[in-house]
Each structure stands twice: as C-alpha cells, then as structure tokens.
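Peer 1:
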Amino acid sequence: MPKNDTKSKKSRNVAIGAGVAVAALLLGVASYTATKPEDSGNHTVREEAAGASPEAGSQEGVYPELEKLARRDARDPLARGRADAPVVMVEYADFKCGFCGKFARDTEPGLVQKYVDDGTLRIEWRNFPIFGKDSERAARGAWAAGRQGRFWQFHEAAYAEGSKEKGFGDDRLKELAKEAGVKDVDRFVADAGSDAAGDAVRKDQEEAYGLGAASTPSFLVNGRPISGAQPDQVFHQAIETAERAAKSKRSGKGAGQGGGQGQGAGQGEGGSE
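Residue numbers (the working numbering): 17 to 289.
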C-alpha cells in the first residue's frame, strides 16, 4: 500500500476514534439518575432523564463519522420510516428503562406524525439491555416480534404505562406478544430463545458500548449525540437542523455533478448520463 494511502487510512481512524470519544462524553452525561441498574460486565450503566446535549440548532456537536452507524436497511423490522430519509435517528434503549418509556409514550408518537410520516425521518431501534435478565428477555422478545412484523406493536405494549412493573418473564412476554398481534406465539417463543436473537441483541448492545453510551435512552440524529429523554423541542430542532444540512449537502453534490455532465456533453456523444 502506498505511504500516502496508509497515512490517509490512519487519519480516518484517528478522526473516527476522536468522534466516538467525544460522543462517549456527551452520551455519558446525565442530569440525574432515576434508578441504579445492575452492572453489565465492566460497564457502568444508568437510566437517564434529560441530560446535557449539544445545542440542537447548530451543526456544532455533529460527527459525520457517526452517521455511518445508521444501517438504512429497508428490510429492518426494528426501524420505521423510509430507508432513504434525509434524517436517521438511532435510538439505544431498554424496555426496563422508565425514561425510555416516557420518550416512547410522550415524544416519539409526535415525531412519527410530524417527521416520519412525511418522509423526513427514519427511526432505527437498537436493543440496549442494561438492567439485567429482564431487560435481556424483553430485548429478545422485541426482536422475535419483529420477525413476524410486529416489533413496533410489541414496543408500544412493552412501554405502556405500568407495563415494566409487571416484569418480562416468559409468560408476560407471551402476553405482550398476543397484545402486539403476533400470530404465531409458539414461533415467537422459539425465536426469542434462539442463538440468532442473542446475536442480534448483542450486536446492538456492543455497538452502544463501543459508541460510549452509558445510559438509556441515548440517541444519534445524523451523527449528533443526544443523551436522555430530552424535551420534544430538542428533538424537533435536531431533526430540522439535520434535514437542512442534508438538503444543502445534496444540493452541493447536484451542482458538482451538473458541472461534470456539462463538460462531458461538450466532448461528444455519451459524455454523461
């Protein structure tokens, strides 16, 4: 490999590492701790209310390298909204987290109505179980419900007021699956207990830990870390700022491509397409 390429690759790795390190600091800040969860391995984790986040109305605090964590898989049952939406919000959350439930009940429906339905926003869920075995079971159950196209219905049922207090034992998960409209409950149980479920949950969890998330809920909006169940306006500003930046970026690319096409056309037939 040429020396310049090696230096370029190292520079990219340093930049990504720096972005993740800063995001770790931002996502790790909390205004207060609601409950003390169990430790997960060597990670200290917590449930978080509205914490300190970057000013949502500017591009400060946006890390383009973190945008790459958006998967944009049109077949992902744990996502809602167009795969090519200009804004992707990645949510790392736990079904045992009270503030995650508050966000799911009080803020998320408004975001769906205002931004997802018009094609502006895509929401990608990441299972981030940090409160022990109950959290792990709920995450597996959510993934299994997704296998039958009922993840978001399961999500709503699991986050209903008073739901987490009932726990997420095996019988309770089956109740939630039925409430969510899962047709084949036996398949749901088998899927939830499968190695594939464990691998999927672990992948999401390790992504969150790798990012530096130490509390739930944590979010990335086009590379902007947002920590905690922030007021609605924080999300609105972050989404609208990200949308403007995405449109500006697309306009710039379009202008550049248009210039190239003009030159190609001047050279002869088949210059551009």
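Virtual Cβ for every residue (Gly too), placed ideally from N, Cα, C.
Using a Cβ-Cβ cut-off of 6 Å (strictly less than) and excluding sequence neighbours within five positions of Val78, which residues of its own chain qualify?
Peer 2: Gly239, Arg240
Peer 1: Buried or exposed for Gln246, going by 16 or more other Cβ atoms inside 10 Å?
Peer 2: buried
Peer 1: If contacts are defined as beta-carbon pairs under 8 Å, then Val201 and Lys190 qualify, I think. What distance do you get, rounded to the angstrom?
Peer 2: The distance from the Cβ of Val201 to that of Lys190 is about 6 Å, consistent with a contact at the 8 Å cut-off.
Peer 1: Please classify Ala95: does DSSP put it in a helix, a strand, or coil?
Peer 2: In this structure, DSSP gives Ala95 an extended state, which the three-state scheme calls strand.
Peer 1: Express the C-alpha separation of Gly268 and Ala174 in angstroms, rounding to a whole number.
Peer 2: 43 Å
Peer 1: So is Glu181 buried or exposed if we call it buried at 16+ other beta carbons inside 10 Å?
Peer 2: Exposed, since its Cβ has fewer than 16 Cβ neighbours within 10 Å.
Peer 1: Go to Val103, then tell me how far its beta strand (DSSP E) extends in each direction, as first and last residue.
Peer 2: 103-109
Peer 1: Decide if the segment 139-154 is in contact with the segment 105-112; the criterion is three or more beta carbon pairs, one per stretch, under 8 Å apart.
Peer 2: yes
Peer 1: The beta strand (DSSP E) spanning Val237 covers which residue range?
Peer 2: Looking at the DSSP string, the run of the beta strand (DSSP E) that includes Val237 is 234-237.
Peer 1: Where does the unbroken beta strand (DSSP E) through Leu137 begin, and where does it stop?
Peer 2: 137-143
Peer 1: Shorter than 8 Å from the beta carbon of Glu223 to some beta carbon of chain D?
Peer 2: Although the question refers to chain D, the structure presented lacks it and comprises just one protein chain.
Peer 1: So, helix, strand or coil for Ile242, using DSSP?
Peer 2: Here Ile242 sits in strand by DSSP.
Peer 1: Please go through the segment 119-176 and give each complete alpha helix (DSSP H) segment of 4 or more residues, from N-terminal end onward.
Peer 2: 124-127, 149-163, 167-174
Peer 1: Work out the CA separation of Lys199 and Glu224 for me, nearest whole Å.
Peer 2: Note that residue 224 corresponds to Ala in the displayed sequence, not to Glu. Ala224 and Lys199 have their C-alpha atoms some 31 Å from each other.
Peer 1: Which of the three DSSP states, helix, strand or coil, is assigned to Ser267?
Peer 2: helix
Peer 1: Quick one: complete alpha helix (DSSP H) runs, 4+ long, within the segment 174-208?
Peer 2: If we require 4 residues or more, the alpha helix (DSSP H) runs fully inside the segment 174-208 come out as 186-195, 201-208.
Peer 1: Given 8 Å as the limit, is there contact between the segment 201-212 and the segment 158-170, that is, 3 or more CB pairs closer than that?
Peer 2: A contact exists between the segment 201-212 and the segment 158-170.
Peer 1: Tell me the rounded alpha-carbon separation between Gly97 and Phe235.
Peer 2: 16 Å
Peer 1: Which stretch, first to last residue, makes up the alpha helix (DSSP H) that contains Val217?
Peer 2: 211-227
Peer 1: Rounded to whole angstroms, what is the Cα-Cα separation between Phe184 and Gly228?
Peer 2: 27 Å
Peer 1: Just the C-alpha distance for Lys130 and Cys116, rounded to the nearest angstrom, thanks.
Peer 2: 20 Å
Peer 1: Mind reading off the beta-carbon distance from Arg138 to Ala99? Whole number of angstroms is fine, and I expect it under 8 Å.
Peer 2: 7 Å
Peer 1: Can you give me the Cβ contacts of Ala258 inside the same chain, cut-off strictly under 6 Å, excluding the 5 residues immediately before and after it?
Peer 2: Val103, Val237, Asn238
Peer 1: Can you tell me whether Ser264 is buried or exposed? The criterion is at least 16 other CB atoms within 10 Å of its CB, across all chains shown.
Peer 2: exposed
Peer 1: Rounded to whole angstroms, what's the CA-CA distance from Asp187 to Arg266? Just pull it up for me.
Peer 2: Asp187 and Arg266: Cα-Cα distance of roughly 49 Å.
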